[in-house]
Amino acid sequence: MLTIHHLRIGRSIFTVWLLEELGIEYNLKEYLRHPETMRAGDDLKVIHPLGKSPVIEDEGLVLTESGAITGYLLEKFDTDMKFAPARSDLKAWATYSQWLHYSEGSVFAPLLINMLLLRDPSPSAILSGFSQAEIGLHLGHIANQLGDNDYILGDKISGADFGICYAVAMAQRLGQLENYPTLNAYVERNKARPAFKAAVERAVE
Ligand SMILES: N[C@@H](CCC(=O)N[C@@H](CS)C(=O)NCC(=O)O)C(=O)O
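Read left to right, the sequence shown gives residues -7 to 197 (the working numbering).
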């Protein structure tokens, strides 16, 4: 059976959510952060040398990177293509793939800088100017794409929503969504899904 290595608290809850949406059985192994450094302990490095989460193990495969994990899980378990367009529709698939990778590739870094600056007693003006401008750029772009839709690619949830929702929820936690009511509603809509609630019940509570 597939195992997910889940570090509390962090992005792996969004992969647990995907597992719940897919309705498959899985083992969940929980790890805790160091209370001061907030880093993962060496126990995760036993699974993968980077010591990061999420990591999944499935039939001898050890896989990191949440976007790659989403891709793998959907290839293997989303047999009726509920969460991704077919590759034969190349333009739709390419657009989906762009949104699948955008959250980790572009949106996360300025949010991380913002989070670290909040803990820094003497924050750098250059870094805070950069992160604020980038956060505005990306949140505006996500809000534009979302428009009046419920999910990032339209009225149906797709694999891209797990990473986008993680990034937008992080922006919400950092107090960055004041001017983005549709993004606040997007996070709440996803959190209200039964599979999200099941993930929280299994992995957080
Ligand atoms: N790009 C990776 C990032 C993985 C990552 O940095 N995970 C964080 C948890 S949210 C982590 O494991 N941090 C622990 C540490 O760095 O010690 C992904 O998408 O999975």
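Glycine is no exception: its CB is placed at the ideal position from the N, C-alpha and C atoms.
Practice problem: Look up Val196 in the DSSP assignment and say whether it is helix, strand or coil. | Solution: Residue state for Val196 is assigned as coil, using DSSP reduced to three classes.
Quiz item: With distances taken from CA atoms, which of Glu12, Asn182, Trp9, Leu166 is nearest Pro102?
Solution: It is Leu166 whose Cα lies nearest to the Cα of Pro102.
Self-check item: Option in Ser123, Trp9, Leu(-1) with minimal Cα separation from Pro186
Solution: Checking every option, the nearest Cα to that of Pro186 belongs to Trp9.
Quiz prompt | Ala135 vs Leu175 beta-carbon contact at 9 angstroms | solution = It is a contact, given that the beta carbons lie within the stated cut-off.
Practice problem: Drop a sphere of 10 angstroms on the beta-carbon of Val99, count the other beta-carbons inside from all chains shown, and report buried for 16 or more, exposed for fewer. | Solution: Label assigned to Val99: buried.
Quiz item: Taking the alpha-carbon positions, what's the Ser58 to Ser123 distance?
Solution: Taking the straight line joining both Cα atoms gives about 22 angstroms.
Quiz item: Going by the C-beta, is Phe100 closer than 8 angstroms to any heavy atom of ligand 1?
Solution: True, at least one ligand heavy atom lies under 8 angstroms from that Cβ.
Self-check item: Supposed close pair Ile39, His(-3) - CB separation, criterion 8 angstroms
Solution: Contact holds; Cβ gap of about 5 angstroms.
Exercise. Have a look at Ala78 and Gly132 and give me their C-alpha separation to the nearest angstrom.
Key: For Ala78 and Gly132, the distance between alpha carbons rounds to 28 angstroms.
Quiz prompt | Of the listed residues Glu170, Phe154, Ala32, Ile118, nearest to Leu65 (C-alpha basis) | solution = Of Glu170, Phe154, Ala32, Ile118, the residue nearest in Cα terms is Phe154.
Practice problem: Below 7 angstroms CB to CB, which residues in the same chain sit around Pro115 once its five sequence neighbours on both sides are set aside? | Solution: Closer than 7 angstroms at Cβ, skipping near neighbours: Leu109.
Practice problem: For Gly146, name the three-state secondary structure that DSSP assigns. | Solution: For Gly146, the secondary structure class from DSSP, reduced to helix, strand or coil, is strand.
Practice problem: Return yes when the C-beta of Ile61 is under 8 angstroms from any heavy atom of ligand 1, and no when it is not. | Solution: The answer is yes for Ile61.
Practice problem: Reducing DSSP to helix, strand and coil, say where Thr71 ends up. | Solution: In the structure shown, Thr71 adopts coil according to DSSP, grouped into three states.
Quiz item: Is the beta carbon of Leu20 within less than 8 angstroms of some heavy atom of ligand 1?
Solution: Not under cutoff, so the answer is no.
Quiz item: With C-beta atoms as the reference, is Lys183 less than 9 angstroms away from Ala161?
Solution: Their beta carbons are under 9 angstroms apart, which means Lys183 touches Ala161 by this criterion.
Exercise. Can you check DSSP and say which residues form a bridge with Tyr23?
Key: In DSSP, Tyr23 forms a bridge with Leu(-1).
Practice problem: Determine the DSSP secondary structure at Leu14, reduced to helix, strand or coil. | Solution: The answer is helix: DSSP assigns Leu14 an H, G or I state.
Quiz prompt | 8 angstroms contact criterion, which Leu55 and Ile48 should meet: CB distance rounded | solution = Between Leu55 and Ile48 the beta-carbon gap is near 5 angstroms, inside 8 angstroms, which marks them as a contact.
Quiz item: Any heavy atom of ligand 1 closer than 8 angstroms to the Cβ of Glu57?
Solution: Glu57 Cβ: within cutoff of ligand 1.
Quiz item: Mind pulling the alpha helix (DSSP H) runs of 4 or more residues that sit fully within the segment 38 to 89?
Solution: Within the segment 38 to 89, the complete alpha helix (DSSP H) runs of at least 4 residues are 58 to 69.
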